Amino acid sequence: MKKLKINKWFIKPLFLLLLWGILTTWYIAKYDTALSVISIPYFRSNLIEAPKEKIIKGDKISGKFKASENGLGIISVKFITYNRPKFTDEDELLFRIKEENNKDWHYESKYKNGLMYDVPHYPFGFPVIQNSKNKTYIFEVISTKGNSKNTVSLSKREPGFEAKYKFSKNELLSDKWVFLDFGIKKIGYSLFTPDVLYASLVFLLPLLFYILWNSTIKKYVIAPLSNKALKFTGLDIPTLKNLLKDFAYFAILNILIIFVLIDVFYLQLISDLVYIIIPILWGIYTKKYKLDSRASFAVGLFFIALCPIILIFNQTFTAEKSASWAFMFLIVGTIQALIELRKEEVAIIKK
């Protein structure tokens, strides 16, 4: 009995915790592929000029920030893309950066905006500034050929931009404390990025769901909180009470749907592993809740129905993500339906 408890409440949770740490570290390395680079996000409040609409000729994005480290070499800006123009018709964006109060720009270069269709978080690189720490810099991105047909726009989501700092391998490997400090900063700053934080939380879901399912939290915490929320509103509607009870009971499945909606409507990057983990968790817990394939098909059809509505607002990328999630839920539903049919066949044969 004691061994079973150790396995249930120590070994399995520890394994899931280690899995979370490994997957989060892997995703951070994948998100920021340069292992010797630290990416530090800056909020939109650091932007001096931020066009609210599509960027056309003469429009300018500008930002001001204080460098946190030495080795500043990249400014990454998040763009929203629309219909991709021909190469010859693309806008050219002028990027330039300088230290505040300097007359001359440290670096200037033009970039075709077609590149941003493949890399939404576009990195504007420049010669590394070795002694950049604690100095204030200003950068600008100016449209030189933008029009309604070839435009991109600045994302309204945080962070407004990222500054990337390059560390030499010799510096990192020569001192273990420098290496440890670098690792902590790299992971810590990365988790301030919504896409990385979201992926990390998804990787943590197996552990959270395991604890939730095997403990009394669902019964003694989630359900009472739902009832208190209902009393707080002053509403005493039987149908609403039943809905809240169902929401509390199916908390795990509802959390998964909320995570999918966040991915569809908020995030800009696509993580293959997220598209694998959430459907697997959905399949596991629909079985635990004793739901059949109809639940998965219903969710899949819901995300299919969202696509034309989203396209009305010209959000092609969002519609594509909704369609991708519909496909994943329909795959889960199909697998579940095949298993159900197989069980029915076995039951008939036994009779």
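Using this note's numbering, the letters of the sequence shown map in sequence onto residues 261 to 611.
Cβ coordinates follow ideal geometry from the N, Cα and C atoms, glycine included.
Just so it is clear, the structure is predicted and the values come from calculations on it, not from any experiment.
Can you give the beta carbon distance from LEU279 to PRO466, rounded, assuming they're within the 8 Å contact cut?
7 Å
Given 8 Å as the limit, is there contact between the region 416–435 and the region 328–341, that is, 3 or more CB pairs closer than that?
yes
Cβ neighbours of LEU590 in the same chain (closer than 7 Å, five flanking residues each side left out):
Leaving aside the five residues that flank LEU590 on each side, the residues in its chain whose CB is nearer than 7 Å to its CB run, in chain order, PHE557 and GLY560.
Count the C-beta pairs between the region 428–441 and the region 390–400 that are closer than 8 Å, then say yes if the count reaches three, no if not.
no
Apart from the five residues just before and just after MET376, which ones in its own chain have a Cβ nearer than 8 Å to its Cβ?
Closer than 8 Å at the Cβ level, and outside the excluded window around MET376, lie PHE339, THR341, TYR382 and VAL412.
Tell me where the beta strand (DSSP E) around ARG356 begins and ends.
Counting along the chain, the unbroken beta strand (DSSP E) around ARG356 starts and ends at 352–359.
So what does HIS381 bridge to, in DSSP terms?
LYS338
Which residue marks the beginning of the beta strand (DSSP E) containing PHE421, and which one marks its end?
421–426
Relative to the C-alpha of TRP542, which candidate in LEU451, TRP585 and GLY323 has its C-alpha closest?
TRP585
Have a look at LYS603 and LYS548 and give me their C-alpha separation to the nearest angstrom.
17 Å
Quick one: complete beta strand (DSSP E) runs, 3+ long, within the region 309–334?
Here the runs fully enclosed are 320–326.
THR404 burial status per 10 Å Cβ neighbour count (16 or more: buried)
exposed
What separation, rounded to the nearest whole angstrom, lies between the Cα atoms of PHE355 and PHE386?
Rounded to whole angstroms, PHE355 to PHE386 spans 10 Å at the Cα level.
Near ARG417, which residues of its chain fall below 8 Å by C-beta distance, leaving aside the five closest residues on each side in sequence?
LYS338, PRO454, TYR526 and GLN528
Anticipated Cβ contact below 8 Å, LYS324 with GLU350, distance rounded:
Actually they do not touch by this definition, with Cβ atoms about 28 Å apart.
Rounded C-alpha distance that separates TRP286 from PHE573
35 Å
Mind reading off the beta-carbon distance from LYS446 to ILE288? Whole number of angstroms is fine, and I expect it under 8 Å.
7 Å
Measuring CB to CB, does ALA310 end up less than 8 Å from LEU414?
yes
In angstroms with no decimal places, state the Cα-to-Cα distance between THR493 and GLU352.
Per-residue confidence for THR493 stands at a pLDDT of 49, beneath the threshold of 50, marking its modelled position as unreliable; the derived number appears in the next sentence. Spanning the two alpha carbons is a distance of roughly 53 Å.
For ASN474, count neighbouring Cβ atoms within 10 angstroms of its own Cβ and tell me buried if that reaches 16, exposed if not.
exposed
Where LEU490 sits in the DSSP three-state scheme:
Reliability of the predicted coordinates at LEU490 is poor, the pLDDT of 49 falling under 50, and the value obtained from them is presented with this limitation in mind. LEU490 falls in the helix class under three-state DSSP.
State the beta-bridge partners of VAL412 as determined by DSSP.
THR341
Please say whether ILE308 and SER299 have beta carbons closer to each other than 8 Å?
The criterion of a C-beta distance shorter than 8 Å is not satisfied by SER299 and ILE308.
Below 8 Å on the Cβ atoms is my contact criterion, and I expect ASP319 with GLY406 to pass it. Report the Cβ-Cβ distance as a whole number of Å.
Your pair ASP319 and GLY406 checks out as a contact, with CB atoms roughly 7 Å apart and the cut at 8 Å.
Could you tell me which residues DSSP pairs with PHE399 in its beta bridges?
GLY323 and ILE357
Count the other CB atoms within 10 Å of the CB of LYS265; is the residue buried (16 or more) or exposed (fewer)?
Burial call: exposed.
So PHE463 and ILE537 are in contact, right, with Cβ under 8 Å, and what is the actual spacing, rounded?
7 Å
Looking only at its chain, what residues have a beta carbon closer than 8 Å to the beta carbon of PHE510, apart from the 5 residues adjacent to it on each side?
TYR549
Mind reading off the beta-carbon distance from LEU283 to LEU533? Whole number of angstroms is fine, and I expect it under 8 Å.
7 Å
Could you name the residues that DSSP lists as bridge partners for TYR526?
Paired residues: none, contrary to the question.
Just tell me which of TYR449, SER582 and TYR545 has its CA closest to the CA of LEU468.
The candidate whose alpha carbon is nearest that of LEU468 is TYR545.
Measure the alpha-carbon distance for VAL297 versus SER553 and round it to whole angstroms.
46 Å
For the beta strand (DSSP E) containing TYR371, list its first residue and its last residue.
367–372
Ordered along the chain, which non-local residues of its own chain (more than five positions away) have a Cβ less than 6 Å from that of PHE384?
ILE335 and PHE355
Is the CB-CB distance between PRO419 and PRO301 below 8 Å?
Closer than 8 Å, so yes.
CA nearest to the CA of ILE398, picked from THR578, HIS366, ARG344 and ILE315:
HIS366
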